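Trainee:
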Amino acid sequence: MPMQMLPLRLPAPLLAPTYRGVGPVPRAARVAWQVCLGAAALLLATGVATAQDGLANPHEGNRGAVRAGRALFETRCAECHGADAKGISGPDLTEMFAAGRTDGRVFQTIRAGIAGSIMPSSSAPDDELWAIVSYLKSLGTVSPVEFATGNADQGRQVFTANCAGCHRAGRDGGRLGPDLSRITLSRSRAGMTAAIRDPSDAMRVGYRTVTVVTSDGQRVRGLKKAEDAFSIQIVDTSERLQGYLKADLRAVQDEAESLMPSFGPDRVSDTDLDNLLRFLTSVHEGNGAP
Amino acid sequence: MRVTRLVALTALVAVSGPVGLAAQEPAGGPTQAQLLEGFTDPSRWPTFSGDYSGRRHSPLTQITPENVGRLTPQWTFQSGTMARGRGFETTPLVWDGVLYVTGPNNYAWALDARTGRKFWEYRRELPDDLTYGASAPVNRGFGLLGNQLFMVTLDAHLLAFDRTNGNVLWDVELADYRVGYAATMAPLVVNGKVIVGISGGEYATKGFVDAYDPETGERDWRFYTIPGPDEPGGDTWPYTGVRERGGGGTWATGSYDPELNMLYWGTGNPNPDYYGDDRLGDNLYTASIVALDADTGIIQWHYQFTPHDVNDWDPNHVPVQADIMWEGRSRKVVMVANRNGFFYVLDRVTGELLLGKPFTDTTWARELDDNGRPIVLNDGSKGCLPDYWGGTNFMPPSFDPARGLFFVSARETCATFIPQKPVFEPGRSSSGGTVWVDRDQAYGALRAIDVTTGERRWEFRYPTPSMAGTMSTAAGLVFTGDNEGNFMAFDAETGENLWHYPTGWSIWGTAAITHMLDGKQHVLIPSGTNLTSFALPD
Numbered sequence: 001m002p003m004q005m006l007p008l009r010l011p012a013p014l015l016a017p018t019y020r021g022v023g024p025v026p027r028a029a030r031v032a033w034q035v036c037l038g039a040a041a042l043l044l045a046t047g048v049a050t051a052q053d054g055l056a057n058p059h060e061g062n063r064g065a066v067r068a069g070r071a072l073f074e075t076r077c078a079e080c081h082g083a084d085a086k087g088i089s090g091p092d093l094t095e096m097f098a099a100g101r102t103d104g105r106v107f108q109t110i111r112a113g114i115a116g117s118i119m120p121s122s123s124a125p126d127d128e129l130w131a132i133v134s135y136l137k138s139l140g141t142v143s144p145v146e147f148a149t150g151n152a153d154q155g156r157q158v159f160t161a162n163c164a165g166c167h168r169a170g171r172d173g174g175r176l177g178p179d180l181s182r183i184t185l186s187r188s189r190a191g192m193t194a195a196i197r198d199p200s201d202a203m204r205v206g207y208r209t210v211t212v213v214t215s216d217g218q219r220v221r222g223l224k225k226a227e228d229a230f231s232i233q234i235v236d237t238s239e240r241l242q243g244y245l246k247a248d249l250r251a252v253q254d255e256a257e258s259l260m261p262s263f264g265p266d267r268v269s270d271t272d273l274d275n276l277l278r279f280l281t282s283v284h285e286g287n288g289a290p
Numbered sequence: 291m292r293v294t295r296l297v298a299l300t301a302l303v304a305v306s307g308p309v310g311l312a313a314q315e316p317a318g319g320p321t322q323a324q325l326l327e328g329f330t331d332p333s334r335w336p337t338f339s340g341d342y343s344g345r346r347h348s349p350l351t352q353i354t355p356e357n358v359g360r361l362t363p364q365w366t367f368q369s370g371t372m373a374r375g376r377g378f379e380t381t382p383l384v385w386d387g388v389l390y391v392t393g394p395n396n397y398a399w400a401l402d403a404r405t406g407r408k409f410w411e412y413r414r415e416l417p418d419d420l421t422y423g424a425s426a427p428v429n430r431g432f433g434l435l436g437n438q439l440f441m442v443t444l445d446a447h448l449l450a451f452d453r454t455n456g457n458v459l460w461d462v463e464l465a466d467y468r469v470g471y472a473a474t475m476a477p478l479v480v481n482g483k484v485i486v487g488i489s490g491g492e493y494a495t496k497g498f499v500d501a502y503d504p505e506t507g508e509r510d511w512r513f514y515t516i517p518g519p520d521e522p523g524g525d526t527w528p529y530t531g532v533r534e535r536g537g538g539g540t541w542a543t544g545s546y547d548p549e550l551n552m553l554y555w556g557t558g559n560p561n562p563d564y565y566g567d568d569r570l571g572d573n574l575y576t577a578s579i580v581a582l583d584a585d586t587g588i589i590q591w592h593y594q595f596t597p598h599d600v601n602d603w604d605p606n607h608v609p610v611q612a613d614i615m616w617e618g619r620s621r622k623v624v625m626v627a628n629r630n631g632f633f634y635v636l637d638r639v640t641g642e643l644l645l646g647k648p649f650t651d652t653t654w655a656r657e658l659d660d661n662g663r664p665i666v667l668n669d670g671s672k673g674c675l676p677d678y679w680g681g682t683n684f685m686p687p688s689f690d691p692a693r694g695l696f697f698v699s700a701r702e703t704c705a706t707f708i709p710q711k712p713v714f715e716p717g718r719s720s721s722g723g724t725v726w727v728d729r730d731q732a733y734g735a736l737r738a739i740d741v742t743t744g745e746r747r748w749e750f751r752y753p754t755p756s757m758a759g760t761m762s763t764a765a766g767l768v769f770t771g772d773n774e775g776n777f778m779a780f781d782a783e784t785g786e787n788l789w790h791y792p793t794g795w796s797i798w799g800t801a802a803i804t805h806m807l808d809g810k811q812h813v814l815i816p817s818g819t820n821l822t823s824f825a826l827p828d
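Chains as they are written, first to last, in this note's numbering: chain A, 1 to 290; chain B, 291 to 828.
Take a look at the structure:
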């Protein structure tokens, strides 16, 4: 991958002491890296994490790094991962921190690439990579303060009664909808509320409602997982994965309405919603997380 | 209809508690009883070998010697991942029109069997300090039970997935990958347990076979392939301090006899591979086959193919079961075409050796003595044995019970072994020397062995040794591949080549599978980054 030379305006604290321009990683940076590795080796010896997991982002909390990282991301990564980082040919990166990735792990993945895939390695200076890490982390993390109120035990009852048929949280739940075990790490309170109150407004790829009508008139409703000009792959409401050749179907009907019903205040009160979000947060805080 | 029901159900569960929509009509995966049925339902390929016998012999007969010449590709799936020249070495599982496929670098997919299109994809975030897993970043397939899939990883973990969406349900460590362990084999689900083996015999490791609870991931039992000093076989390791790094990996999927409730499993080379002076003795149970009680993991019998192996001939082969007539009476047998160049038939109840005869040109030994021990002529220092990849390797063979023929990719090779004392460090390979392979003399062949005599019925030669497994069918066909990338079909009776298709990459370490779909017999072969499905044209 050709290195993109950006007219970067990194904030001063970001430039010093390891970054002085574009080119090979300066010796200071390499030394810093080795020091980090040494620290990580200690972690390794205690079985806590692998070497790269233990690395801390030197620009943690620096808003300038987030801005710089965004600019870098748009030039170098967006072609595959999308300008919004939600993925095109490469994967969606907006929920990886919620899924448990560490700063150090993401840094090392950008540095080394992914063996056997199209994701290349990078020889850009450490600070540029850390800036990209900062940006990606800013996309996919939500302050736990947002979900601090509510009663988790009552929230569990709301979940069991309304959500568990299709969603999993911790060890229990259904398979049709997304796993919600770590969802409040990456979705804001406003986003979660909208998705529960008006799910049809935000159907994601892989979760769009479709009905296929077979040649004998049977209607099968489910979620569209993939489609091309000749075939369609769905998970139907009985959780059955099934592919269909369009030549064998009478119709494929895309639907504007989500398979998930709307849970307005009449079905889930504001208090119940508060409790539910608190419960989902408690799941990844260690209460029943897988 | 379904719309109304969905809304009604949602309303219902809102008042009645945890009974969800999905729980009403589960489209379940195989029960343990259905796994026992093996090939009974021709739409399925539910375990690594298709059924528990390890025969990889399908009852399907739509594709015949007469029409196989018209076999046509239906679709190709591209994994997009490959490392160190190693691509697909997997056996896809087939259930209800869906393929469950693992790939290199611990990728995995659920694919539409009609089109090869993806329902979901999984990729494991692997540490960058893998040991054995970095040198062979492959995977041989899933195990399946109910709605759960099981896959082992290059960092030596066992994962359970939800079959519907690919979500990881649990994740347990088998062993510490940093020492040298890795896992690549396809788990075998038996009696409601997930049976797995381990790789890493090129490092200072100690092999084992494990059984896990499919629901919780808790370990039920572990059988170490190297006994303790006071256990039977312990005296075959007279040197102290060697056992804990003695090798004996278990990295090929075994077979299972439900009637005897016995697992049959190949155990790998002792470590160091080539340098044996530090580990004198026979080194049980390395380079052996072991029979284990499936409920407890307790060893029932063993047979060691290569006592004190110094040629890396780890018999990590699928042990193939059959009930055959032997000297006038029916015997339950288990058969192995071994890396050391011998073909073996053993009584699978008692472990008694019935037959042991070379199926390749072996120069290390030509016969076994009365106790079933090889009469060794050459330890490898003089050259021209099977090389360290062996007379065959882990690629699955197949067995046609109607014809009594065992089909195997034979490798005719020649090498000189130069042992050297290694340094033992956790995470550092300790093969103990080097091997000079004489490639000019090497060739490969598909061979059919008459299992009652060990004699060769026929062969078909290739210019270089093949690493492709075989799959046979009741129609009298044998499917296999070669190092040059041809996927081929042969007449099981005569060995005549009936069809070939150049796939573009070596067919390596895996074999074909077959299943019915929409009234058509499909044959699938993984090759390089591709998985291709074939069927007869309309």
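Heads up, the beta-carbon is just placed ideally off N, CA and C, and yes, glycines get one too. If you're wondering where the values come from, they're calculated on a predicted model, not measured in any experiment.
#1: What did DSSP end up calling A/M192 once you bin it into helix, strand or coil?
#2: Any Cβ of chain A within less than 8 Å of the Cβ of B/R407?
#3: Report the three-state DSSP secondary structure of B/N820 (helix, strand or coil).
#4: If you draw a straight line from the C-alpha of A/N62 to the C-alpha of A/Y207, how long is it?
#5: Just curious, the beta strand (DSSP E) that A/Q218 is in, first and last residue?
#6: Which partner residues of B/M625 appear in the DSSP bridge assignment?
#7: Do you know offhand how far B/F451's Cα is from B/W460's?
#8: Quick check: is the beta carbon of A/E239 nearer than 8 Å to any beta carbon in chain B?
#9: Just to confirm the assignment, what range does the beta strand (DSSP E) spanning B/K483 have?
#10: Whose CA, out of B/R737, B/G566 and B/E715, lies closest to the CA of B/F632?
#11: Let me know the alpha helix (DSSP H) ranges lying completely inside the region 436 to 471 of chain B, each 4 residues or longer, listed in chain order.
#12: Output needed in chain order: residues of the region 246 to 278 of chain A with a Cβ under 8 Å from some Cβ in chain B.
#13: According to DSSP, simplified to helix, strand and coil, what is A/S121?
#14: Based on Cα-Cα distance, which residue from B/R512, B/P522, B/S545 and B/A581 lies nearest to B/R345?
#15: Taking contact to mean 3 or more Cβ pairs, one atom from each stretch, closer than 8 Å, check whether the region 56 to 71 of chain A and the region 143 to 160 of chain A are in contact.
#16: Measuring alpha carbon to alpha carbon, tell me which residue in B/E774, B/A705 and B/A764 is nearest B/L678.
#17: Of the residues A/P265, A/P199, A/N151 and A/G140, which one's Cα is nearest the Cα of A/P183?
#18: Please classify B/Q731: does DSSP put it in a helix, a strand, or coil?
#19: Hey, is the region 666 to 681 of chain B in contact with the region 721 to 732 of chain B, meaning 3+ C-beta pairs nearer than 8 Å?
#20: In the DSSP assignment, find the beta strand (DSSP E) that holds B/D402 and state where it starts and stops.
#21: What is the DSSP secondary structure of B/G906, reduced to helix, strand or coil?
#22: Is there a Cβ of chain A sitting closer than 8 Å to that of B/A298, yes or no?
#23: Assuming B/I803 is part of the alpha helix (DSSP H), what are its boundary residues?
#24: Using a Cβ-Cβ cut-off of less than 9 Å, list which residues of the region 192 to 205 of chain A approach chain B; keep chain order.
#25: If we count the other Cβ atoms within 10 Å of its Cβ and call it buried at 16 or more, is A/S188 buried or exposed?
#26: Residues in the same chain with beta-carbon distance under 6 Å from B/A779, minus the five sequence neighbours each way, listed in chain order, please.
#27: Taking 8 Å as the cut-off, decide whether the C-beta atoms of A/L185 and A/H81 are in contact.
#28: Taking the alpha helix (DSSP H) that B/E411 falls in, what are its first and last residues?
#29: For B/A286, which option in B/F714, B/S756, B/P427 and B/S578 has the closest C-alpha, if you only look at C-alpha atoms?
#30: Would you call A/L245 buried or exposed, if buried means 16 or more other Cβ atoms sit within 10 Å of its Cβ?
#31: Of the residues that make up the region 493 to 525 of chain B, which ones have a beta carbon closer than 7 Å to any beta carbon in chain A?
#32: Counting Cβ pairs closer than 8 Å, one from the region 547 to 560 of chain B and one from the region 599 to 611 of chain B, do we hit at least three?
#33: Rounding to the nearest angstrom, what Cα-Cα distance links B/F409 and B/G387 in this structure?
#34: Specify the secondary structure class of B/W541 as computed by DSSP and reduced to three states.
#35: Going along chain B, which residues have a C-beta under 7 Å from A/Q233?
#36: If I'm right that B/F649 touches B/I579 with Cβ under 8 Å, what's the distance once you round it to whole angstroms?
Mentor: Here's the rundown:
#1: helix
#2: yes
#3: strand
#4: 35 Å
#5: From DSSP, A/Q218 is part of no beta strand (DSSP E); its letter is neither H nor E.
#6: B/V610 and B/V635
#7: 7 Å
#8: yes
#9: K483 to G487
#10: B/R737
#11: none
#12: L259, P261 and R267
#13: coil
#14: B/S545
#15: no
#16: It is Tyr, not Leu, that sits at residue 678 of chain B in the sequence shown. Here the closest residue by C-alpha is B/A705.
#17: A small fix is needed here, since residue 183 of chain A is Ile in this sequence, not Pro. Checking every option, the nearest Cα to that of A/I183 belongs to A/G140.
#18: helix
#19: yes
#20: Y397 to D402
#21: No answer is possible for residue 906 of chain B: the residues shown for chain B start at 291 and end at 828.
#22: In this prediction, B/A298 has a pLDDT of 35, which is less than 50 and means its spatial position is unreliable; what the coordinates show is noted afterwards. B/A298 does not count as touching chain A.
#23: Segment I803 to L807 is the beta strand (DSSP E) holding B/I803; no alpha helix (DSSP H) there.
#24: none
#25: exposed
#26: V358, L767, F769, L788 and W789
#27: no
#28: Premise fails: B/E411 lies in the beta strand (DSSP E), K408 to R413, not in any alpha helix (DSSP H).
#29: As displayed, chain B neither begins before 291 nor continues past 828, which places residue 286 of chain B out of reach and without an answer.
#30: exposed
#31: none
#32: yes
#33: 12 Å
#34: coil
#35: D402, R407 and F409
#36: Not confirmed; about 16 Å, so no contact.
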